[in-house]
Amino acid sequence: MQNTEERIELARAGALSFAKDQGSSPTAAEAFADDYVCVLEDRAHEVRYPDLADPTPEEVWFS
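Structure below.
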């Protein structure tokens, strides 16, 4: 099982890869990855359905 830091780093890497695949500049891709991690950290402290999955980078990108 992954700890929180590992999960966040994997999510950040996935968001960075997604943003680059969308044609973002390296700077914009880094900014999106940072924003995505902030969304995940905010959601980690919300009271919600326990089995509700975190949003994907694509869901955050298009929202």
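As numbered in this note's numbering, residues 7 to 69 make up the sequence shown, in order.
No residue lacks a Cβ here, since even glycine has one placed at the ideal position from N, Cα and C.
These figures come from a predicted structure and were not determined experimentally.
Selection from His51, Arg18, Pro32 and Ser31 that minimises the alpha carbon distance to Val66: Arg18
Scan the segment 38 to 67 and note each continuous alpha helix (DSSP H) run of 4 residues or more that stays entirely inside, going in chain order. 63 to 67
Check the C-beta distance from Asp60 over to Leu46 and give it rounded, since I have them as a contact under 8 Å. 6 Å
Between Phe68, Asp41, Arg54 and Gln28, which lies nearest to Glu15 when the distance is taken from Cα to Cα? Asp41
Would the beta-carbon of Glu64 fall within 8 Å of that of Phe24? yes
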